[in-house]
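Only one structure is covered here, and it is reproduced in the block below.
Numbering (our numbering), first residue to last: 365 to 743.
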């Protein structure tokens, strides 16, 4: 049945009107997305899916959050300007216990939580499910998920894996009120990879792209409000992920260390030099599978810093709230790769050490600089 439906689906916005009533019901059932990680990114994806009529279930770890959501009418609010709101209805249930079976799982937690997140719902995943990963530091996140979870999955029932990379700025003004600060400006990249391979740098992933697109990937590529893109080749995907790695390794730890806005990094030659050095080091450690230049990395970092000039990075927000950061999947990844390849990465190492120190003392620091408790995901 799944293959029959896939064969008829070429563009999600058209499929509802073109299918029979029975096929519509099958399609809607198969298209339900469960979102694990209902922070700013998770709600951004959930809201976009609901705008296109896809059923969405948010997965929560606390009963109190489920009750709060239902008491508010089970509504997700997305604000993208003064007085400009989009409101959509969704479902929410607990991660624990018996819930609905999962065919499409969006994992939008921090990279540190991805392995535990997938494990927590593994018994609910259908045999031909899709797992959509949306994290910073995807090169390291995927590798850890494969080592800890996917490698132990039987090949006949191993899920499809779709990796996503976003440049959207969004934050939660309250539990279910999202402010999309880069609507019309940000983009996102989605691509299905071969989950039998342990590393995203393996170009054999390209063979997977010759197969028909999954329903989940077609759905994600139809979310026009997010300006989705599908890379033409796996090299193009790697280039996007490598550029995103440069952005996060340069902007996040520097803003976290200095306690400044993204755009302020461009105002001083010392911070600009530091960002350029981060890019140069990343370009060296990602050899030989590097599909961009150090200069393009630096230009992309500056472009994102300009576009998100008034935003606080996710790492700065994590430190201000006393939460673990994504450091192990960003500069930590750079340090490990440097050791493996015997390439010195002094600037990434220093940033890793400084943020690690601050992470251990983040509660005292949040009181000292007095940051507000907005939950942002700008870069």
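Here a beta-carbon is modelled for each residue, glycine too, at the ideal position from N, C-alpha and C. Here the structure is a predicted model, which is why all the values come from computation and not from measurement.
Residues in the same chain with beta-carbon distance under 6 Å from residue i, minus the five sequence neighbours each way, listed in chain order, please.
| i | result |
| --- | --- |
| residue 386 | Note that residue 386 scores 42 on pLDDT, short of 50, meaning its location in the model is unreliable and no value can be drawn from it. |
| residue 726 | 683 and 686 |
| residue 531 | 550 and 551 |
| residue 499 | 475 and 505 |
| residue 469 | 398 and 495 |
Can you tell me the Cβ-Cβ gap for residue i and residue j, rounded? I've got them flagged as a contact below 8 Å.
| i | j | result |
| --- | --- | --- |
| residue 562 | residue 515 | 7 Å |
| residue 580 | residue 524 | 7 Å |
| residue 509 | residue 479 | 6 Å |
| residue 605 | residue 564 | 7 Å |
| residue 488 | residue 396 | So it is not a contact: roughly 12 Å between Cβ atoms. |
DSSP has residue i in a bridge; who is on the other side?
| i | result |
| --- | --- |
| residue 747 | Lying outside 365 to 743, the shown extent of the chain, residue 747 is not represented and no answer is given. |
| residue 495 | 469 and 525 |
| residue 592 | 552 |
| residue 656 | Looking at the DSSP assignment, residue 656 forms no beta bridge with any residue, so it has no partner. |
| residue 445 | 448 |
| residue 422 | 399 and 456 |
| residue 489 | 466 |
Closer than 7 Å by C-beta to residue i: which residues in its own chain qualify, once you throw out the five before and the five after it? Chain order, please.
| i | result |
| --- | --- |
| residue 569 | 557, 558, 561 and 598 |
| residue 427 | 458 |
I need the straight-line Cα distance from residue i to residue j, nearest angstrom please.
| i | j | result |
| --- | --- | --- |
| residue 627 | residue 404 | 21 Å |
| residue 432 | residue 542 | 16 Å |
| residue 419 | residue 451 | 14 Å |
| residue 463 | residue 665 | 42 Å |
| residue 455 | residue 421 | 5 Å |
| residue 735 | residue 620 | A caution first: residue 735 carries a pLDDT of 44, below 50, which makes its placement in the model unreliable, though a value can still be read off. Taking the straight line from one Cα to the other gives about 12 Å. |
| residue 425 | residue 435 | 17 Å |
| residue 655 | residue 465 | 39 Å |
| residue 410 | residue 437 | 16 Å |
| residue 721 | residue 699 | 16 Å |
| residue 690 | residue 449 | 31 Å |
| residue 388 | residue 417 | Low local confidence applies: a pLDDT of 49 at residue 388 is under 50, so the model's placement there is unreliable, with the coordinate-based value given in what follows. When rounded, the distance between both Cα atoms is 12 Å. |
| residue 485 | residue 594 | 28 Å |
| residue 701 | residue 695 | 10 Å |
Mind checking if residue i is an interface residue toward chain C, Cβ cutoff 8 Å exclusive?
| i | result |
| --- | --- |
| residue 588 | The chain labelled as chain C is not found in the depicted structure, where only one protein chain is given. |
Length-filtered (4 minimum) alpha helix (DSSP H) runs lying within the segment 497-584:
502-512 and 579-584
Minimum length 4: unbroken alpha helix (DSSP H) runs contained in the segment 616-664:
633-649
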